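Q: Below is a structure I'd like to ask you about.
4 protein chains.
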Amino acid sequence: MNQELKQQVVDANMALVSSGLVTLTWGNVSGIDRASGLVAIKPSGVDYAELTVDHLVVVNLAGDVVDGDLRPSSDTKTHLELYRNFSEIGAVVHTHSPCATAFSQAGVGLPCLGTTHADHFFGEVPVARALTPEEVVGDYEHATGVSIVERLRELELNPLEMPAILLKHHAPFTWGKTPQYALDNSIALEMCAKMALMTWQLNPDARRIPSHILNKHHERKHGAAAYYGQGK
Amino acid sequence: MNQELKQQVVDANMALVSSGLVTLTWGNVSGIDRASGLVAIKPSGVDYAELTVDHLVVVNLAGDVVDGDLRPSSDTKTHLELYRNFSEIGAVVHTHSPCATAFSQAGVGLPCLGTTHADHFFGEVPVARALTPEEVVGDYEHATGVSIVERLRELELNPLEMPAILLKHHAPFTWGKTPQYALDNSIALEMCAKMALMTWQLNPDARRIPSHILNKHHERKHGAAAYYGQGK
Amino acid sequence: MNQELKQQVVDANMALVSSGLVTLTWGNVSGIDRASGLVAIKPSGVDYAELTVDHLVVVNLAGDVVDGDLRPSSDTKTHLELYRNFSEIGAVVHTHSPCATAFSQAGVGLPCLGTTHADHFFGEVPVARALTPEEVVGDYEHATGVSIVERLRELELNPLEMPAILLKHHAPFTWGKTPQYALDNSIALEMCAKMALMTWQLNPDARRIPSHILNKHHERKHGAAAYYGQGK
Amino acid sequence: MNQELKQQVVDANMALVSSGLVTLTWGNVSGIDRASGLVAIKPSGVDYAELTVDHLVVVNLAGDVVDGDLRPSSDTKTHLELYRNFSEIGAVVHTHSPCATAFSQAGVGLPCLGTTHADHFFGEVPVARALTPEEVVGDYEHATGVSIVERLRELELNPLEMPAILLKHHAPFTWGKTPQYALDNSIALEMCAKMALMTWQLNPDARRIPSHILNKHHERKHGAAAYYGQGK
Chain A
4 MNQELKQQVV DANMALVSSG LVTLTWGNVS GIDRASGLVA IKPSGVDYAE LTVDHLVVVN
64 LAGDVVDGDL RPSSDTKTHL ELYRNFSEIG AVVHTHSPCA TAFSQAGVGL PCLGTTHADH
124 FFGEVPVARA LTPEEVVGDY EHATGVSIVE RLRELELNPL EMPAILLKHH APFTWGKTPQ
184 YALDNSIALE MCAKMALMTW QLNPDARRIP SHILNKHHER KHGAAAYYGQ GK
Chain B
4 MNQELKQQVV DANMALVSSG LVTLTWGNVS GIDRASGLVA IKPSGVDYAE LTVDHLVVVN
64 LAGDVVDGDL RPSSDTKTHL ELYRNFSEIG AVVHTHSPCA TAFSQAGVGL PCLGTTHADH
124 FFGEVPVARA LTPEEVVGDY EHATGVSIVE RLRELELNPL EMPAILLKHH APFTWGKTPQ
184 YALDNSIALE MCAKMALMTW QLNPDARRIP SHILNKHHER KHGAAAYYGQ GK
Chain C
4 MNQELKQQVV DANMALVSSG LVTLTWGNVS GIDRASGLVA IKPSGVDYAE LTVDHLVVVN
64 LAGDVVDGDL RPSSDTKTHL ELYRNFSEIG AVVHTHSPCA TAFSQAGVGL PCLGTTHADH
124 FFGEVPVARA LTPEEVVGDY EHATGVSIVE RLRELELNPL EMPAILLKHH APFTWGKTPQ
184 YALDNSIALE MCAKMALMTW QLNPDARRIP SHILNKHHER KHGAAAYYGQ GK
Chain D
4 MNQELKQQVV DANMALVSSG LVTLTWGNVS GIDRASGLVA IKPSGVDYAE LTVDHLVVVN
64 LAGDVVDGDL RPSSDTKTHL ELYRNFSEIG AVVHTHSPCA TAFSQAGVGL PCLGTTHADH
124 FFGEVPVARA LTPEEVVGDY EHATGVSIVE RLRELELNPL EMPAILLKHH APFTWGKTPQ
184 YALDNSIALE MCAKMALMTW QLNPDARRIP SHILNKHHER KHGAAAYYGQ GK
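Chains as they are written, first to last, in the working numbering: chain A, 4 to 235; chain B, 4 to 235; chain C, 4 to 235; chain D, 4 to 235.
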């Protein structure tokens with residue numbers, strides 16, 4: 004297992020706190036080493052302040068613990084389902100950040116109301132359906148992952164262009180190429196949700212921005228001829 | 004009196020500030036040593052930053068001060084009524100945290116709108132009735148405790164499954180097995196109240212989550228086969 | 004001029020920042036030494052972080068600068084009008100704290116919606132009328148003070164029982180026996196305004212609490228038989 | 004290029020973070036040395052915490068990089084258009100601060116609802132029109148600057164009296180004589196937008212303040228006989 008990646012996973016877990024995204028222990032970050040097929044994830048219910056690389060739990064894509072003394076996050080099976088289906092992604096973040104969670108609880112998708120959103124999410128962040136009683140009683144966290152994959156496929160969305168989902172009655176997941184990108188997407192999602200709430204207070208009819216602006220902001224940051232940032 | 008418990012009570016009082024739950028001196032934490040039947044509680048109107056174990060006031064369940072030079076919290080009789088009636092609990096927290104207090108002032112119960120809530124409160128956090136003029140002029144803080152106990156019994160709620168109440172015209176109380184659990188419940192209550200306000204802005208019709216999801220989240224964290232956390 | 008009071012005025016000005024009440028330089032605290040009839044006030048437009056006792060400007064009740072090298076706060080004449088008319092008070096605080104300022108801008112009085120409010124303000128915090136073009140062009144800051152005094156007298160309010168006002172189109176003033184009490188009233192006003200906004204979102208019909216609860220909380224904290232705090 | 008100005012630009016960029024105006028790297032500050040006609044601007048996508056004078060990119064008014072190893076902010080052409088047309092200004096700030104961005108996304112101008120606003124902005128902060136598909140596909144950031152200049156000229160506004168604009172579907176820009184003034188205007192704009200949202204929740208009919216109050220506050224701070232601050 005890549006040691007640098009494990010440190011990035013620890014750093015991103017701790018940044019959940021410094022960025023104001025988590026309360027108590029309501030959040031977790033994992034990262035996958037695609038070479039070995041191993042995933043490092045936060046242990047369940049452990050304080051972020053105490054977290055070190057040694058606390059991380061390493062599991063394979065089948066969910067077997069291959070390293071670590073603690074129990075992995077209770078959401079581990081959701082992370083694994085995303086890694087198995089979205090081969091482009093390298094990290095997954097789950098939080099209960101308040102504004103994005105409000106959209107999840109309300110069952111309302113987060114449309115692209117401005118360029119802040121367009122810079123991170125290529126269109127409306129969708130809501131995944133509520134799980135059935137059978138799914139909940141059965142393999143709940145696995146079924147959660149299945150519902151995310153199902154929703155992105157229904158909408159024909161590329162996971163790197165739409166690196167976020169809102170789980171009905173629950174909270175958001177985001178992902179990205181690295182723990183830092185996945186974390187940035189959680190930060191951006193929370194801020195876009197916060198701004199959408201205020202935008203609708205001012206103008207209940209505000210809907211998605213014109214597609215030429217959405218396309219432009221997506222392309223200038225993520226396209227082949229991107230010119231945002233230092234080209235790293 | 005258990006000295007470790009006294010330190011936990013001091014720590015939880017100070018955490019009221021670091022967690023953003025209190026303004027000025029609007030909040031207090033107590034803990035009970037069931038072996039001796041003694042309760043350690045914050046002194047009234049003392050700054051949290053200055054608080055040490057020596058400042059705590061120790062009272063028995065009848066309300067007599069048995070140790071400490073300061074006057075106990077003005078809310079002491081409310082805490083004692085909860086300890087006398089809810090033998091399962093070991094600590095009580097009172098705050099005027101803004102979002103939960105808004106629900107109290109509005110007289111609106113806080114329904115379970117998502118899994119964040121389900122992880123801490125098994126259903127709607129109820130509102131206790133306003134006190135009568137006779138109760139207020141009489142033994143006000145005692146009557147406050149009576150109204151809390153009365154409401155949980157009316158609703159046939161187990162105090163460890165519903166470790167919170169909203170006092171009409173006033174503010175919330177929470178409780179738990181230890182000062183840390185009682186504090187966590189105050190933190191969770193405030194965040195659930197904040198998220199409910201935003202959820203209803205987005206969807207005024209959002210009501211409680213399906214019971215199979217409520218049951219699942221309660222069981223995975225608090226049930227006999229709980230698998231959240233490290234089994235501590 | 005009382006040196007201890009000057010330090011209290013500096014401390015309270017700096018606490019405006021740490022308590023989150025001011026942005027940029029939008030706020031000021033003064034204190035009066037009733038023995039000498041001298042008022043120490045923040046200089047205009049000076050950063051709080053740099054403020055020391057030597058920066059304070061000392062003026063007499065007629066508004067003449069008797070000590071200090073800087074220009075006093077542009078709001079000085081408002082403070083002086085309050086000191087001349089409310090002989091019970093020892094300090095005045097002015098902020099543009101956002102929630103209380105929203106009530107000022109909306110021209111909506113802040114009713115007592117709960118015990119948090121009742122502990123500090125004995126009834127609805129009133130709105131002072133907008134000033135006329137003649138008053139604004141003339142001695143604007145003096146006229147502001149006149150409008151505050153006028154409003155409290157119209158409503159027959161005791162300045163220590165109602166230590167706050169909302170200026171129409173402007174922002175709040177608070178006062179108290181000492182700089183600390185006046186500051187606490189600004190902190191309490193902002194929080195009560197914040198909670199009122201959320202209370203009305205939940206229940207637009209929420210109006211003032213029953214008078215027996217208002218009276219009880221006022222008496223237990225401020226009455227002859229008060230039992231909140233340590234009797235200091 | 005003026006070295007003191009470069010340090011001011013660095014300081015103002017870092018103050019974007021400490022003042023809570025930016026999330027991730029969503030903001031930038033530039034300053035112009037009118038003697039040399041050179042502009043120092045933040046490099047694109049670089050963390051504020053790491054920023055030093057040596058990272059700044061220096062460009063001339065035609066947009067050619069004359070000093071610096073990094074790529075300039077992707078918004079550079081917008082800044083330059085403002086410097087070319089508003090000869091009175093010395094610095095430009097762009098943020099996606101949440102409340103001001105909500106006004107931009109909603110396409111709602113920010114009217115002067117109180118003296119806080121009047122102290123900084125002489126009337127309603129206007130919204131610049133959305134760009135056309137041709138402008139967006141073409142020279143997008145240049146066209147953004149053109150739309151700002153166009154809107155101020157349409158409304159016959161003096162850039163130092165109205166040092167802010169809301170870009171439709173995007174976010175605000177502010178400016179001023181120095182980086183510090185331009186930054187203060189971004190801070191003031193965000194707070195005025197926050198207070199306007201709450202003012203309208205309380206009173207949906209609240210509209211601009213009487214012109215005699217607007218004029219008074221503008222004059223006492225910015226007029227020939229200004230008496231706010233220390234006359235610096």
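Cβ coordinates follow ideal geometry from the N, Cα and C atoms, glycine included. Fair warning: this is a prediction, and the values are worked out from it, not measured in the lab.
Taking the beta strand (DSSP E) that residue 33 of chain D belongs to, which residues open and close that run?
A: Along the fourth sequence, one-based indexing puts residue 33 of chain D at 30. Element bounds for residue 33 of chain D: 30–36.
Q: Identify each residue in the region 137–151 of chain D for which the Cβ-Cβ distance to at least one residue of chain A is less than 8 Å, and report them in chain order.
A: 139, 140, 143
Q: Within its chain, find whatever has a CB closer than 6 Å to the CB of residue 81 of chain C; leave out the 5 residues flanking it on each side and keep chain order.
A: As a position in the third sequence, residue 81 of chain C is number 78, starting the count at 1. Hits under 6 Å: 144, 147, 148.
Q: Is residue 8 of chain B helix, strand or coil by DSSP?
A: Working through the second sequence from its first residue, we reach residue 8 of chain B at position 5. DSSP places residue 8 of chain B in helix when its eight states are reduced to three.
Q: Please decide whether residue 56 of chain B counts as near chain C, where near means a Cβ-Cβ distance under 7 Å.
A: Your numbering for residue 56 of chain B matches position 53 in the second sequence. With 7 Å as the cut-off, residue 56 of chain B does not count as an interface residue toward chain C.
Q: At a Cβ threshold of 7 Å, is residue 71 of chain C touching chain D?
A: Locating residue 71 of chain C in the third sequence gives position 68, where the first residue counts as 1. No, no contact with chain D.
Q: Can you tell me which residues form a DSSP beta bridge with residue 178 of chain B?
A: The sequence position of residue 178 of chain B within the second sequence is 175, counting from 1. According to DSSP, which records beta bridges pairwise, residue 178 of chain B is partnered with B:95.
Q: CB residue 30 of chain C to CB residue 97 of chain C, shorter than 7 Å?
A: Taking the third sequence and counting its residues from 1, the one referred to as residue 30 of chain C is at position 27. Taking the third sequence and counting its residues from 1, the one referred to as residue 97 of chain C is at position 94. Taking 7 Å as the cut-off, the Cβ atoms of residue 30 of chain C and residue 97 of chain C count as close.
Q: Chain G partners of residue 120 of chain B, CB-CB under 8 Å?
A: This model lacks chain G altogether; the protein chains it does include are A, B, C and D.
Q: Could you check which residue in B:20, B:216, B:175 has the C-alpha nearest to that of residue 99 of chain B?
A: Against the second sequence, residue 99 of chain B aligns to sequence position 96. Considering only B:20, B:216, B:175, the residue with the shortest C-alpha distance to residue 99 of chain B is B:175.
Q: Does chain C have any CB closer than 7 Å to the CB of residue 48 of chain B?
A: Counting from 1 along the second sequence, the entry for residue 48 of chain B is found at position 45. Yes, residue 48 of chain B counts as interfacial toward chain C.
Q: Can you tell me which of B:211, B:142, B:127 puts its alpha carbon nearest to the alpha carbon of residue 168 of chain B?
A: Here residue 168 of chain B is taken as the residue at index 165 of the second sequence, counted from 1. With distances taken between Cα atoms, residue 168 of chain B lies closest to B:127.
Q: Looking at chain A, which residues of the region 183–199 of chain B have a Cβ within less than 7 Å of any of its Cβ atoms?
A: 187, 190, 191, 194, 197, 198
Q: Spatial neighbours of residue 192 of chain D within its chain, please: C-beta separation below 7 Å, excluding the five flanking residues on both sides.
A: Your numbering for residue 192 of chain D matches position 189 in the fourth sequence. If we look at residue 192 of chain D and ignore the five residues flanking it on each side, its Cβ neighbours are 103, 128, 167, 175, 177.
Q: Since I believe residue 202 of chain C is in contact with residue 172 of chain B (beta carbons under 8 Å), could you give me their beta-carbon distance rounded to a whole number of angstroms?
A: On the second sequence, residue 172 of chain B is found 169 positions in, with the first residue counted as 1. On the third sequence, residue 202 of chain C is found 199 positions in, with the first residue counted as 1. Not really, about 10 Å apart at Cβ, beyond 8 Å.
Q: Would you mind sorting residue 179 of chain C into buried or exposed? The rule is 16 or more other CB atoms within 10 Å of its CB.
A: Indexing the third sequence from 1 puts residue 179 of chain C at position 176. Counting Cβ neighbours within 10 Å, residue 179 of chain C comes out buried, since at least 16 surround it.
Q: For chain B, is any of its Cβ atoms less than 7 Å away from the one on residue 11 of chain A?
A: Here residue 11 of chain A is taken as the residue at index 8 of the first sequence, counted from 1. For residue 11 of chain A, the answer is no, since every Cβ of chain B falls outside 7 Å of its Cβ.
Q: With 7 Å as the C-beta to C-beta threshold (strictly closer), list the residues of the region 84–101 of chain B near chain C in chain order.
A: 99, 101
Q: Count Cβ pairs between the region 37–50 of chain A and the region 109–123 of chain A that sit closer than 8 Å; are there 3 or more?
A: no
Q: Assign residue 6 of chain C to buried or exposed, taking buried as 16 or more other Cβ atoms, counted over all protein chains shown, within 10 Å of its Cβ.
A: On the third sequence, residue 6 of chain C is found 3 positions in, with the first residue counted as 1. With fewer than 16 other Cβ atoms within 10 Å, it is exposed.
Q: Under a three-way DSSP split, which group does residue 83 of chain A fall into?
A: Counting from one through the first sequence, the residue named residue 83 of chain A turns up at place 80. Helix.
Q: Would you list, in sequence order, the uninterrupted alpha helix (DSSP H) runs of no fewer than 4 residues that lie entirely inside the region 152–219 of chain B?
A: 182–205
Q: Quick one: what's got a C-beta closer than 8 Å to residue 52 of chain A's C-beta in the same chain, skipping five residues either side?
A: As a first step, residue 52 of chain A is located in the first sequence; it is residue number 49 there, counting from the start. Around residue 52 of chain A: 17, 20.
Q: Please work out which residues of its chain come closer than 7 Å, Cβ to Cβ, to residue 199 of chain A, disregarding the five sequence neighbours upstream and downstream, and give them in chain order.
A: For this step, residue 199 of chain A is matched to residue 196 along the first sequence. Excluding residues within five positions, the ones whose Cβ falls inside 7 Å are 113, 116.
Q: Taking Cβ to Cβ, would you say residue 219 of chain A is nearer than 7 Å to residue 139 of chain D?
A: Locating residue 219 of chain A in the first sequence gives position 216, counting from the first residue. Locating residue 139 of chain D in the fourth sequence gives position 136, counting from the first residue. Yes, they are a contact pair.
Q: Report the residue from A:60, A:229, A:76, A:89 whose alpha carbon sits nearest the alpha carbon of residue 165 of chain A.
A: Within the first sequence, numbered from 1, the residue matching residue 165 of chain A stands at position 162. Out of A:60, A:229, A:76, A:89, A:89 has the C-alpha closest to the C-alpha of residue 165 of chain A.
Q: Are the beta-carbon atoms belonging to residue 77 of chain C and residue 231 of chain D less than 7 Å from one another?
A: What you label residue 77 of chain C is simply residue 74 of the third sequence in a count that begins at 1. What you label residue 231 of chain D is simply residue 228 of the fourth sequence in a count that begins at 1. A contact, by the Cβ cut-off of 7 Å.
Q: Taking the runs of the alpha helix (DSSP H) that are 4 residues or longer, which of them lie wholly in the region 90–154 of chain B?
A: 101–109, 118–121, 136–140
Q: Work out the CA separation of residue 36 of chain A and residue 92 of chain A for me, nearest whole Å.
A: Your numbering for residue 92 of chain A matches position 89 in the first sequence. Your numbering for residue 36 of chain A matches position 33 in the first sequence. Within the model, the alpha-carbon separation for residue 92 of chain A versus residue 36 of chain A is close to 10 Å.
Q: Rank C:39, C:109, C:86, C:69 by C-alpha distance to the C-alpha of residue 32 of chain C and give the top, closest one.
A: Locating residue 32 of chain C in the third sequence gives position 29, counting from the first residue. Closest option to residue 32 of chain C, Cα to Cα, is C:86.
Q: When you compare the CB of residue 82 of chain B with every CB in chain C, is at least one pair closer than 7 Å?
A: Taking the first residue of the second sequence as 1, we reach residue 82 of chain B at position 79. Output row for residue 82 of chain B: interface = no.
Q: Between C:66, C:58, C:122, C:25, which has its C-alpha nearest residue 226 of chain C's C-alpha?
A: Translated into the one-based positions of the third sequence, residue 226 of chain C becomes position 223. Nearest option by C-alpha distance: C:122.
Q: Taking the straight line between their C-alpha atoms, what separation do you get for residue 197 of chain A and residue 79 of chain D?
A: Taking the first residue of the first sequence as position 1, residue 197 of chain A is located at position 194. Taking the first residue of the fourth sequence as position 1, residue 79 of chain D is located at position 76. Straight-line Cα distance between these residues: approximately 27 Å.
Q: By the DSSP assignment, the beta strand (DSSP E) with residue 228 of chain A in it spans what residues?
A: Within the first sequence, residue 228 of chain A is the residue found at index 225, counting from 1. Neither: residue 228 of chain A is in no beta strand (DSSP E) and is coded neither H nor E.
Q: Can you tell me the Cα-Cα spacing of residue 44 of chain D and residue 120 of chain D, whole angstroms?
A: By one-based count along the fourth sequence, residue 44 of chain D stands at place 41. By one-based count along the fourth sequence, residue 120 of chain D stands at place 117. Looking at the two C-alpha atoms, the distance is approximately 28 Å.
Q: Quick one: Cα of residue 84 of chain D to Cα of residue 152 of chain D, how far?
A: Numbered from its first residue, the fourth sequence carries residue 84 of chain D at position 81. Numbered from its first residue, the fourth sequence carries residue 152 of chain D at position 149. When only Cα atoms are considered, residue 84 of chain D and residue 152 of chain D end up about 8 Å apart.
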